[in-house]
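Down below is the structure, laid out as structure tokens.
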Amino acid sequence: MLKLEKIKKGFDKKTILDEISLDFREGEIVTILGPSGSGKTTILNIILGLIQADEGRILLRGEDVTDVPMEKRGFNIVFQDYGLFPHLNAYKNIVYGLKNNTGLCSVDEVNDLIKLLELEEHLDKRITELSGGQKQRVAFARTLVMKPQVLLLDEPLSALDGVIKESIKERIKQIAREFKLTTIIVTHDPEEALTLADRVLIINEGKVAAYATPEELIHTPQCDFVNQFILRQLEIKRQNIGQLFTNTPLLQVG
Ligand SMILES: Nc1ncnc2c1ncn2[C@@H]1O[C@H](COP(=O)(O)OP(=O)(O)OP(=O)(O)O)[C@@H](O)[C@H]1O
Ligand SMILES: [Mg+2]
């Protein structure tokens, strides 16, 4: 439903994205992995329309939206710092975008979303009174009431701890399924990328190093970079955890 065709982008004469072509299917979750500075956020910003590509086209359901301004593309993003309004309570943040867009999401739909994200008891709180995970969920709700055609998330889970992270991961999947929402998520954690995605995109040095299902990435041979980047990092993680168990004496009582 969304296509990037030969997208090129450079900053200060340095090529960041080198003729990248990609397709995203309706309702699928794609995670984007790659080293720091490889252009992950830049891809999201180009899709969103926040920055222009130097060359190439963006097609939405076959229609060229390359020159369509950001607010008319119908995409929406949750930034890493959430971008919430601190002077408004959680509920007012959630429905903020509906002020000038009545009819986008009904009161019932807003309430369903609030329930789905388990925010009922936090609606009156100011943003400063919310935990990181709660802020995250408010940011999601605020984005989803706008009924975006494509949801873009830049490192949405990086500030969250284990249990909350798992529950938000499940919610992202549930929302993508329920709303048939094409969801593109940048992450630097291979484990997260593999467990969340229908397909994983790995970029390196301006090019697509892999674009495949998690199963394909793990079970079919990939280029050296991908093997190193994903499998090595997962292996290191496993080793570190293993070591923790062999090196740490059990807690003694008394
Ligand atoms: N507005 C800008 N002006 C100049 N250079 C930029 C700009 N935005 C990004 N860059 C450069 O483009 C490259 C890619 O940046 P980008 O933010 O897309 O990387 P990233 O993959 O998201 O990295 P990270 O994992 O650290 O978030 C970096 O080298 C960055 O310095
Ligand atoms: Mg980034």
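Residue numbers (full-length UniProt numbering): 1 to 254. By construction, the Cβ of each residue, glycine as well, lies at the ideal position given by its N, Cα and C atoms.
The beta carbon of THR213 sits closer than 6 Å to those of ARG199, all from its chain and outside the five residues before and after it, given in chain order. Taking the CA atoms as reference points, LEU17 sits about 12 Å from GLU5. One residue after another in chain order, those with a Cβ under 7 Å from a heavy atom of ligand 2 are LYS40, THR41, ASP154, GLU155, VAL186.
Contact check for GLU235 against HIS188 fails: the beta carbons are separated by 8 Å or more.
Within the model, the alpha-carbon separation for VAL30 versus LEU113 is close to 22 Å. Taking GLU205 as reference, the option from GLY27, ILE230, GLU28, LYS40 with the minimal CA-CA separation is LYS40. Between the alpha carbons of GLU216 and LYS147 lies a gap of roughly 32 Å. Annotation for LEU194: the continuous alpha helix (DSSP H) segment containing it runs 190 to 196.
TYR82 sits away from LYS165, with the two beta carbons spaced by 8 Å or more.
Around the beta carbon of CYS223, fewer than 16 other beta carbons sit within 10 angstroms, so the residue counts as exposed.
A check of alpha carbon separations from HIS87 across HIS122, TYR96, VAL65, ARG126 identifies ARG126 as the nearest. Under the 10 Å beta carbon count, GLU191 is surrounded by fewer than 16 other beta carbons and is classified as exposed.
Bounds of the alpha helix (DSSP H) holding ILE47 are 40 to 48. A residue is called buried once 16 or more other Cβ atoms fall within 10 Å of its Cβ, and LYS9 is buried on that count. Per DSSP, ILE172 lies in no beta strand (DSSP E); the unbroken alpha helix (DSSP H) holding it starts and ends at 162 to 178. Boundaries for GLY133: no beta strand (DSSP E) harbours it, while the alpha helix (DSSP H) harbouring it runs 132 to 144, taken from the DSSP string.
When DSSP assignments are scanned along the stretch 62 to 112, the uninterrupted stretches of beta strand (DSSP E) that are 3 or more residues long and fall wholly within it turn out to be 75 to 78.
Here ASN45 is buried: its Cβ has 16 or more other Cβ atoms, across all protein chains shown, within 10 Å. The beta carbon of PHE179 sits no closer than 7 Å to any heavy atom of ligand 1.
In terms of Cα proximity to LEU196, the closest of PHE85, ILE203, ILE175 is ILE175.
Sequence-distant Cβ neighbours of ASP124 in its own chain, meaning closer than 8 Å and more than five residues away, are ASN89, ALA90, TYR91.
In the displayed model, ARG126 falls within a strand according to three-state DSSP. The beta carbon of TYR211 sits closer than 6 Å to the beta carbons of LEU201 from its chain, once the five residues preceding and following it are set aside; these are given in chain order. With fewer than 16 neighbouring CB atoms inside 10 Å of its own CB, GLY242 falls in the exposed class. With 16 or more other Cβ atoms inside 10 Å of its own Cβ, ASN76 counts as buried.
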